[in-house]
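Below you'll find the structure, written out as structure tokens, and then a few comments.
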Amino acid sequence: MFERIKEDIKVVFERDPAARSVFEVITSYPGIHAIWLHRIAHFLWVKGEKTLARVISHINRFLTGIEIHPGAKIGRRFFIDHGMGVVIGETAEIGDDVLMYQGVVLGGTSLKKGKRHPTIGNNVVIGAGAILLGPIKVGDGAKIGAGSVVIKDVPEGTTVVGVPARVVEKREKKIDLDHDKLPDPILKVLHLIIEEMEEIKKKIEKLGEFDKYFEEKKKEIIEILEGGIK
């Protein structure tokens with residue numbers, strides 16, 4: 240147990256440059272408090288003490304602003320940065336080394352029993368305010384842009400942004416934390432349109448130069464002809 244706690248604290252230092260001391264992390268990081276309380280609630284849930292598990296989950300929500308259903312399965316080194324407004328549903332599954340920012344929702348889309356919440360792979364970053372709905376799967380190493388709404392599976396190693404979320408990049412490099420620098424698909428299209436317009440402009444300018452050259456030659460030919468007639 241103590242090894243897991245030390246591991247959790249170490250992850251905070253690795254992923255949050257604002258962390259300055261162990262005491263500060265233990266006392267001032269609601270994300271880490273939420274994980275520790277969830278582990279207790281999940282243990283009780285698995286043991287059949289579901290009412291007590293829900294009570295602890297509710298206390299967790301009251302203290303941290305983070306709502307994690309005790310039935311949710313969470314892997315190791317999971318870090319919620321800031322955390323306020325995070326909601327993780329009952330059948331959600333989260334892999335190892337996942338980074339999640341504030342306002343993220345792993346929600347369900349069905350009233351039926353069974354799997355109805357997302358499954359998140361390893362080494363995934365989920366940006367602030369992202370909403371993931373239904374029993375979708377997010378592949379290892381994927382990155383979800385801030386404010387995105389994800390309703391379909393996300394392939395491994397890809398970046399998705401938008402409403403609804405679309406794949407905008409496939410990455411081969413290791414995951415980073417620059418979720419504020421994700422490519423904008425609309426901006427990319429606008430850049431392509433501008434480039435096309437520049438090409439058309441160049442062609443028009445070339446046509447203009449040709450017309451000028453043609454008019455000059457035409458004038459010269461007329462002058463020659465008129466001189467010959469005289």
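With my numbering, the residue at position 195 of the sequence shown is 434, and numbering never jumps. Backbone N, C-alpha and C fix where the C-beta goes; we use that ideal spot for every residue, glycine too.
Around the C-beta of residue 257, are 16 or more other C-beta atoms found within 10 angstroms, so that it is buried, or is it exposed? exposed
So, for residue 279: in the same chain, excluding its five sequence neighbours on each side, which residues have a beta-carbon less than 7 Å away from its beta-carbon? 295
Buried or exposed, going by whether 16 or more other CB atoms sit within 10 Å of the CB of residue 403? exposed
Might you give, ordered along the chain, the residues of its own chain that have their beta carbon closer than 7 Å to the beta carbon of residue 440, omitting 5 neighbours on each side? none
If you count every other CB in all the chains shown that lies within 10 Å of the CB of residue 387, and 16 or more means buried, which is it? buried
How would you call residue 453, buried or exposed, if buried means at least 16 neighbouring beta carbons within 10 angstroms? exposed
With distances taken from CA atoms, which of 253, 309, 303 and 457 is nearest residue 293? 309
On the CB-based measure, 16 or more other CB atoms within 10 Å of its CB, does residue 271 come out buried or exposed? buried
Identify whether residue 285 lies in helix, strand or coil by the three-state DSSP scheme. helix
From which residue to which residue does the alpha helix (DSSP H) around residue 248 run? 241 to 254
By DSSP, does residue 447 sit in helix, in strand, or in coil? helix
Taking residue 383 as the reference, give the member of 372, 397 and 373 with the closest Cα. 397
Nearest-angstrom Cα separation, counted from residue 248 out to residue 268: 10 Å
On the DSSP letters alone, give me the boundaries of the alpha helix (DSSP H) that residue 375 sits inside. Unbroken run through residue 375: none, as it is neither H nor E.
Within the chosen definition, does the stretch 318 to 326 reach the stretch 349 to 362 through at least 3 CB pairs nearer than 8 Å? no
Residues near residue 252 in its chain [Cβ-Cβ closer than 7 Å; skip 5 each side]: 258
Helix, strand or coil for residue 358, going by three-state DSSP, please let me know. strand
Who are residue 338's beta bridge partners in DSSP? 318 and 364
By DSSP, does residue 457 sit in helix, in strand, or in coil? helix
In whole angstroms, what is the alpha-carbon distance linking residue 367 and residue 339? 7 Å
Helix, strand or coil for residue 259, going by three-state DSSP, please let me know. coil
Report the residue from 262, 462, 377 and 273 whose alpha carbon sits nearest the alpha carbon of residue 363. 377
Note down the Cα distance separating residue 246 from residue 390, rounded to an integer number of angstroms. 32 Å
Should residue 393 be labelled buried (16 or more other beta-carbon atoms within 10 Å of its own) or exposed? buried
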